[in-house]
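Peer 1: Protein sequences appear in the order of chains V and Z.
Start counting the first sequence at 1; every next residue gets the next number (full-length UniProt numbering).
Start counting the second sequence at 1; every next residue gets the next number (full-length UniProt numbering).
C-beta: ideal position from N, C-alpha, C; glycine also.
Protein chains: 2
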Amino acid sequence: MPRRSSGRVTLQDIAERVGVSKVTVSRCLREPQRVSETVRLRIEEAIEVLNYIPNRQAGALSSGRSLSVALLVPSISNSVFSEVQRGVDEGLREAGYQVLMGHTGYSILEEERLIDTFLAYGVDGFVLSSTRHTDYAHRLLNRARLPVVETMELTDNPLDINVGLDQRAAGRAIGEALIAAGYRRIGFCGARLDYRVQQRLAGWEDALKAAGLSTQRCQTTPRPSSYRLGGELLSAMLERWPDMDAVFCCNDDLAAGALFECQRRRLDVPGQLALAGFNGLDITDATWPTLTTVITPRRAIGEQAARLLVERLQGAPCDPSCHDMGFEIALRQST
Amino acid sequence: MPRRSSGRVTLQDIAERVGVSKVTVSRCLREPQRVSETVRLRIEEAIEVLNYIPNRQAGALSSGRSLSVALLVPSISNSVFSEVQRGVDEGLREAGYQVLMGHTGYSILEEERLIDTFLAYGVDGFVLSSTRHTDYAHRLLNRARLPVVETMELTDNPLDINVGLDQRAAGRAIGEALIAAGYRRIGFCGARLDYRVQQRLAGWEDALKAAGLSTQRCQTTPRPSSYRLGGELLSAMLERWPDMDAVFCCNDDLAAGALFECQRRRLDVPGQLALAGFNGLDITDATWPTLTTVITPRRAIGEQAARLLVERLQGAPCDPSCHDMGFEIALRQST
DNA sequence: TGCCGCAATGTTAGCGGTAACGTTTTCGGA
DNA sequence: TCCGAAAACGTTACCGCTAACATTGCGGCA
Chain V
1 MPRRSSGRVT LQDIAERVGV SKVTVSRCLR EPQRVSETVR LRIEEAIEVL NYIPNRQAGA
61 LSSGRSLSVA LLVPSISNSV FSEVQRGVDE GLREAGYQVL MGHTGYSILE EERLIDTFLA
121 YGVDGFVLSS TRHTDYAHRL LNRARLPVVE TMELTDNPLD INVGLDQRAA GRAIGEALIA
181 AGYRRIGFCG ARLDYRVQQR LAGWEDALKA AGLSTQRCQT TPRPSSYRLG GELLSAMLER
241 WPDMDAVFCC NDDLAAGALF ECQRRRLDVP GQLALAGFNG LDITDATWPT LTTVITPRRA
301 IGEQAARLLV ERLQGAPCDP SCHDMGFEIA LRQST
Chain Z
1 MPRRSSGRVT LQDIAERVGV SKVTVSRCLR EPQRVSETVR LRIEEAIEVL NYIPNRQAGA
61 LSSGRSLSVA LLVPSISNSV FSEVQRGVDE GLREAGYQVL MGHTGYSILE EERLIDTFLA
121 YGVDGFVLSS TRHTDYAHRL LNRARLPVVE TMELTDNPLD INVGLDQRAA GRAIGEALIA
181 AGYRRIGFCG ARLDYRVQQR LAGWEDALKA AGLSTQRCQT TPRPSSYRLG GELLSAMLER
241 WPDMDAVFCC NDDLAAGALF ECQRRRLDVP GQLALAGFNG LDITDATWPT LTTVITPRRA
301 IGEQAARLLV ERLQGAPCDP SCHDMGFEIA LRQST
């Protein structure tokens, strides 16, 4: 009993219509210059007429390359990663790769699960948005011998390629900027507390300690970040440390939420309290007052990740490397 | 010359180690109860030890089902769609499907390209976030005979399943709410002007006309929506219609941007100008004053889409249907 | 004329799974 | 003890495409 053919148009159908073998059709699609002009035109016509859509699964199975790459981000709703995604997507699409996206919900266990899933899908490479993974994820990636880019933060010990920025230095820089602006009782407010946030916190502490200032005004929570949470955290901080004159929020969402809370309390920003955020999202440049923040080169990180990944995919040898994409302090009205 | 095997562990490797045929191993993975206890345990052990990861491409090629579904959204950075995505993802994952996401950048041509791409990947179904497609996309979808869910807005003529809300009715409702609150010189400000925004605009006009009010205070642009744009549009409107007493912004980003612009101009909201947005994003409940908006059931739309899609994937017949998920007006401080 | 080399195309043998059907084993009941 | 059906497992033939090698045809040159 012959297996039911899916009914889809296949290479064979094209080949029969044109009167060549299916290898020639396949070749025509992959290396057009290796097929004669006349045959090529007739094949192209047949593809058009029959509405042929190549079956990537079959192609991937046969060639061992799927021309797809997995991009794992912590959260889709967080606009921080949408810029990275755009950069990655653009760079990889140019090179003929399709990006398959997954979101880990900030969980390395979920990341592990997704790595497994995408390996099953036969992706040719990974772009991860962290340098922290489970042991099993490490083993999976090592065994698969695929190019991997770890993005966002830097690490001393990259799996393969690492593109990001020094989160701790950025935290320190914004701390120093606040100190330079004359603030002395500077608070830190952080949510989610993933590795990157911890680094920013450490940088903030570095700056304050170096200036001989107290680092006690630190309010953190494992809850996910949101505008409202920014307001709640700020309220709690104002209660505990009424003398606080500036707050560095670990991200822009919290900073904006804190700003709204100040408005609600008729607290003048920056007159009575200065605010600073992190990432440089659109909103920081739209609020009143505009928000001081650390602008992170998310788009550039994505593009660079794509560029390096493509090099590896096209044969460059595996040579672990780190790429510091820097950051920029944007001093705005809120400080 | 034998073809270079990818080096990956395959069913065959498991089978050899256990001393059974690979069909038995395959069966053990798909229908465990059809394999004897002892063999099953030994197979499971071998899978564990050898770190076997099934090759989905091969499975899909052979069975004709890939257990994956494409979800196409206009924009990843727009949080409106991340809620839909979450709903879809959750519902489909439960049923064993993997969601592959693509973003169209609000272009139906790009949507067409993505449909083509994902058909090549052999997805088993589509979730689209519009009811507007190119002719070619229509043909592709019809020919593929796959279940398709069109989401967000409603249509009289669904391709297959349609889950969304009546955008025009929602626009009318917010218009009526503003009128009921006593506003009479109500403006509309819109960006991007995709189909949904046009519907909201039409609804707003319906409400104003029904109340005998002027619909001239309408400022639109094809530019993509953003906070800053909200401010710019509001400025332009205040210049043209200084007597305006309320503005319905086609989405929350514009409304928030407009609010920030009011703060910049020291214009009291709602005292001097009332503002309303659309979608019910987090920010509307965080700003000061909080923003009146239309809360759209995005999560529910995603979940319902997933539910209906799974039914179809599991054999329910194709029977075009529309599902109105409704909306809710949230009157807040800004009106 | 005969031989060489290259361009254009074809043949073969898989890639790693699964559907369909075939065979063997097991076991209860007549 | 023997029979027959179900449970357990195996064989075969693909799914649609491509790598590697084989073949054909033709022009150019000695």
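If the cut is a Cβ gap below 9 Å, which residues of chain Z does P54 of chain V touch?
Peer 2: A120
Peer 1: With H, G and I counted as helix, E and B as strand and the rest as coil, what does DSSP make of C262 of chain V?
Peer 2: helix
Peer 1: Rounded to a whole number of angstroms, what is the C-alpha to C-alpha distance between T134 of chain V and E232 of chain Z?
Peer 2: 47 Å
Peer 1: Output, in sequence order along the chain, the residues in the segment 216–239 of chain V whose CB is closer than 8 Å to any CB in chain Z.
Peer 2: Of all residues in the segment 216–239 of chain V, only S226, Y227, R228, G230 and G231 come within less than 8 Å of chain Z when Cβ atoms are compared, listed by chain position.
Peer 1: Check whether chain V comes within 7 Å of T332 of chain Z, counting only Cβ atoms and requiring the distance to be less than that.
Peer 2: One detail in the question is off: residue 332 of chain Z reads as Arg in this sequence, not Thr. Closer than 7 Å: no.
Peer 1: Got a sec: which bits of the segment 245–266 of chain Z sit with their beta carbon under 7 Å from any beta carbon on chain V, in order along the chain?
Peer 2: Under the 7 Å Cβ criterion, the segment 245–266 of chain Z contributes G257, F260, Q263 and R264.
Peer 1: Please list the residues of the segment 36–51 of chain Z that have a C-beta atom closer than 7 Å to any C-beta atom in chain V, keeping them in chain order.
Peer 2: N51
Peer 1: With H, G and I counted as helix, E and B as strand and the rest as coil, what does DSSP make of L309 of chain V?
Peer 2: helix
Peer 1: From what residue to what residue does the alpha helix (DSSP H) around I14 of chain V run?
Peer 2: L11 to V18
Peer 1: What residues from the segment 121–148 of chain Z come within 9 Å of chain V, judged by C-beta to C-beta, listed N to C?
Peer 2: Listed by position along the chain: Y121, G122, R139, L140, R143, A144 and R145.
Peer 1: Measuring only the C-alpha atoms, how far is V39 of chain Z from V20 of chain Z?
Peer 2: Our two residues, V39 of chain Z and V20 of chain Z, have alpha carbons roughly 8 Å apart in a direct line.
Peer 1: Just how far apart, CA to CA, sit G91 of chain V and N251 of chain Z?
Peer 2: 31 Å
Peer 1: Report the option in Z:S225, Z:A211 and Z:I43 whose CA atom is closest to the CA atom of L193 of chain Z.
Peer 2: Z:S225
Peer 1: Tell me whether N162 of chain Z sits in a helix, a strand or coil according to DSSP, three-state version.
Peer 2: DSSP places N162 of chain Z in strand when its eight states are reduced to three.
Peer 1: Using the Cβ count rule (16 or more neighbours within 10 Å means buried), how would you classify H103 of chain V?
Peer 2: buried
Peer 1: What beta strand (DSSP E) runs, 3 residues minimum, are completely inside the segment 136–217 of chain V?
Peer 2: Those beta strand (DSSP E) runs which fall completely within the segment 136–217 of chain V and span 3+ residues are 148–153, 161–165 and 186–191.
Peer 1: Assuming S129 of chain V and T155 of chain V make a contact with CB atoms under 8 Å, what is their CB distance in whole Å?
Peer 2: 13 Å between Cβ atoms; not a contact.
Peer 1: Near R299 of chain V, which residues of its chain fall below 6 Å by C-beta distance, leaving aside the five closest residues on each side in sequence?
Peer 2: E83 and G87
Peer 1: List, in chain order, every chain V residue whose beta-carbon is nearer than 8 Å to that of D116 of chain Z.
Peer 2: I53
Peer 1: Under 8 Å by Cβ, that's how I've got L275 of chain V and V247 of chain V pegged, so tell me the actual separation to the nearest angstrom.
Peer 2: 6 Å
Peer 1: Please classify A305 of chain V: is it buried, with 16 or more other beta-carbons within 10 angstroms of its beta-carbon, or exposed?
Peer 2: When all chains shown are included, A305 of chain V counts as buried.
Peer 1: Would you say Q57 of chain V lies against chain Z (beta-carbon separation less than 7 Å)?
Peer 2: It does; some Cβ of chain Z falls within 7 Å.
Peer 1: Just how far apart, CA to CA, sit T215 of chain Z and K209 of chain Z?
Peer 2: In this structure, the straight-line span from the alpha carbon of T215 of chain Z to that of K209 of chain Z is close to 7 Å.
Peer 1: State the DSSP-derived secondary structure class of F248 of chain V, mapped to helix, strand or coil.
Peer 2: Three-state DSSP puts F248 of chain V in a strand.
Peer 1: Out of Z:L213, Z:G125, Z:E110 and Z:Q85, point me to the one whose CA is closest to Q314 of chain Z's CA.
Peer 2: Z:G125
Peer 1: Could you give the DSSP three-state label for T117 of chain V: helix, strand or coil?
Peer 2: The answer is helix: DSSP assigns T117 of chain V an H, G or I state.
Peer 1: Kindly indicate if chain V contains any beta-carbon less than 7 Å away from that of W204 of chain Z.
Peer 2: False, the Cβ-Cβ gap to chain V never drops below 7 Å.
Peer 1: Got a sec: is the Cβ-Cβ distance from A60 of chain V to anything in chain Z below 7 Å?
Peer 2: yes
Peer 1: Apart from the five residues on each side of it in sequence, which residues of its chain come closer than 6 Å, Cβ to Cβ, to M325 of chain Z?
Peer 2: L165, P297, A300 and I301
Peer 1: Would you say I301 of chain Z lies against chain V (beta-carbon separation less than 7 Å)?
Peer 2: no
Peer 1: From the DSSP secondary-structure annotation, give me the bridge partner or partners of L71 of chain V.
Peer 2: V:M101 and V:V127
Peer 1: What in chain Z is Cβ-close to S82 of chain V, meaning under 7 Å?
Peer 2: I76 and S77
Peer 1: Between M101 of chain Z and chain V, is there a C-beta pair that is closer than 7 Å?
Peer 2: Chain V, which has a Cβ nearer than 7 Å to the Cβ of M101 of chain Z, makes this yes.
Peer 1: Let me make sure I understand the geometry here. Which of Z:P270, Z:T292 and Z:L119 has the alpha-carbon closest to that of V148 of chain Z?
Peer 2: Z:L119
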